[in-house]
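Asks:
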Amino acid sequence: MRVKVIGSSGAEFPGHNPPAFLLDNVILFDAGSITNILDDKAQRKIRHIFITHAHLDHIKSIPFLADNIIVGGMDHRVTVLSIPPVIQTIKSHLFNSAMWPDFTVIPHPDNGVLKLVKLKYGMPVNLNGYSITPFRVNHTVPSAGYLIGNAKKRHIFYTGDTGPTAATWRKIGDAEINCLIIDVSFPNGMEALAIQTGHLTPNLLKEELEHFRHIPEQICITHPKPQHLKTIKNELSRLHIKNLIVLKQGDIIRV
C-alpha cells in the first residue's frame, strides 16, 4: 500500500495543511486539503473519499473539488463515504444550496458530481482490492477511524481525530495493525484541553499503545497543532518509540 500525505496538520497555518491521505492516487481519507495542493491531473484521479468526521478541517476541500469537476469539464464522479451522522451533516450543512451548491444533484439529480454513501461501524467496504472498515473512535462529534487491509493481510489504521479510545482497539480485535496513523494534537502540558476536545498528547499516545498486543511497525503522527509542533516532537522523542514519525505534507507511507 502506498499512501501520500496531502496534509496532516491540526490547523491551517502557513506551510501546514489540514488532513488528507491519498491511497494509490484514487482513494482519499479526509479532505482538509485537496484542491490547494493537488494539480488538475491528480484531482481527476480521485474516485472515493472516506471522511472520519464532519469538522471543517476534514471536509473543506470537497466543495472546491466538486466545483473543479464541473468547471473543468471532468466527466468522472466522486463517492463520499462515512457513517450516517457525518453524511447527514455534510448534506444538511454544506451541500444545502445555501452554504454551497448541492453537487449531489448537479448537473442532474440522476448524475450528481457527488454521491453520498452511508457506512456502518464494523462493516467493511471492498474497493480497488482493499477492505475498508469504519470503527468508532472517541471524538467530540460522531467519528470513524478506518482499518484498511489488502490481500496480503497488511493493515493501516487511520484514527482521524481521537482522544483516548481503548474501546476501538478492543473492537478491532485480532487484526494486526502494521501502520498506525494517529492523532497527537497537543503537547503534554495541554492534556486537559486535549481530552476536552477529543485529541491526544504524547503521554496519552503512550497509554493508547499499551492496549496493543503487537506495536505497529510504523506509527505515524498526524494533526499536531503547528504552534506547538516543536514541543510535541520533543516530547514524542523522549518516549523512545521505535519507527515513530511526525508526518508532513509530501511524505509517502509504504506498508
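In the working numbering, each residue's number is its place in the sequence shown (first place is 1) plus 1104.
Cβ coordinates follow ideal geometry from the N, Cα and C atoms, glycine included.
Bear in mind that the values here come from a model prediction, so they are computed numbers and not experimental data.
1) Buried or exposed: T1326, going by 16 or more other Cβ atoms within 10 Å of its Cβ?
2) For I1286, report the span of its beta strand (DSSP E) as first-last.
3) To the nearest angstrom, report how far apart H1120 and K1329 are at their CA atoms.
4) With DSSP run on the structure shown, which of helix, strand or coil describes G1293?
5) Is it right to say Q1312 is buried, meaning 16 or more other beta carbons lie within 10 angstroms of its own, or is it exposed?
6) Is it right to say L1160 is buried, meaning 16 or more other beta carbons lie within 10 angstroms of its own, or is it exposed?
7) Which same chain residues, not among the five before or five after I1236, have their C-beta less than 6 Å away from its C-beta?
8) Just how far apart, CA to CA, sit A1202 and L1297?
9) Since R1148 and M1178 are thought to touch, with beta carbons under 8 Å apart, how far apart are those beta carbons, to the nearest angstrom?
10) Using the C-alpha atoms, what's the distance from K1256 back to H1243?
11) Around the C-beta of P1238, are 16 or more other C-beta atoms found within 10 angstroms, so that it is buried, or is it exposed?
12) Between the Cα of I1191 and those of F1117, L1220, D1171, F1261, spot the shortest distance and give me the residue it belongs to.
13) Where do the N-terminal and C-terminal ends of the beta strand (DSSP E) with I1357 fall, by residue?
14) Alpha carbon to alpha carbon, what distance is there between T1266 and I1299?
15) Of the residues A1115, V1130, T1183, which one's Cα is nearest the Cα of Y1136?
16) Report back the beta-carbon spacing between V1359 and I1260 to the nearest angstrom; my notes put them in contact at under 8 Å.
17) Sorted by chain position, which residues of the same chain lie with C-beta nearer than 7 Å to N1254's C-beta, five sequence neighbours on each side aside?
18) If you draw a straight line from the alpha carbon of H1157 to that of K1164, how long is it in whole angstroms?
19) Taking the alpha-carbon of Q1353 as reference, which of C1324, L1343, S1341, H1332 has the nearest alpha-carbon?
20) Give the secondary structure of R1317 by DSSP, where H, G and I count as helix, E and B as strand, and everything else as coil.
21) On the three-state DSSP scale, how would you describe I1150?
22) Could you tell me the distance, in whole angstroms, from the CA atom of Y1225 to the CA atom of G1264?
23) State the DSSP-derived secondary structure class of F1117, mapped to helix, strand or coil.
Replies: Short version:
1) So T1326 counts as buried.
2) That run of the beta strand (DSSP E) goes 1283-1287.
3) Approximately 9 Å, taken between the alpha carbons.
4) Three-state DSSP puts G1293 in a helix.
5) Here the sequence assigns Glu to residue 1312, which means Gln is not the residue at that position. A residue is called buried once 16 or more other Cβ atoms fall within 10 Å of its Cβ, and E1312 is buried on that count.
6) L1160 is classed as exposed because its beta carbon has fewer than 16 other beta carbons within 10 Å across all chains shown.
7) Closer than 6 Å at the Cβ level, and outside the excluded window around I1236, lie V1229, Y1250, I1252.
8) C-alpha separation (whole angstroms): 33 Å.
9) Between M1178 and R1148 the Cβ distance is about 6 Å, and since that is below 8 Å, they are a contact.
10) H1243 and K1256 have their C-alpha atoms some 31 Å from each other.
11) If you draw a 10 Å sphere on the C-beta of P1238, you find 16 or more other C-beta atoms in it, and that means buried.
12) That would be L1220, whose Cα lies nearest to the Cα of I1191.
13) Per DSSP, the continuous beta strand (DSSP E) segment holding I1357 begins and ends at 1356-1358.
14) Taking the straight line from one Cα to the other gives about 9 Å.
15) This sequence places Gly at residue 1136; Tyr is not what is there. When C-alpha distances from G1136 are compared across A1115, V1130, T1183, the shortest belongs to A1115.
16) So it is a contact: roughly 6 Å between Cβ atoms.
17) Excluding the 5 residues flanking it on each side, N1254 has same chain C-beta neighbours closer than 7 Å at M1105, G1233, Y1234, in chain order.
18) Taking the CA atoms as reference points, H1157 sits about 12 Å from K1164.
19) Out of C1324, L1343, S1341, H1332, C1324 has the C-alpha closest to the C-alpha of Q1353.
20) DSSP places R1317 in coil when its eight states are reduced to three.
21) In this structure, DSSP gives I1150 a state outside helix and strand, which the three-state scheme calls coil.
22) If you take the alpha carbons of Y1225 and G1264, they lie about 15 Å apart.
23) Strand, per DSSP.
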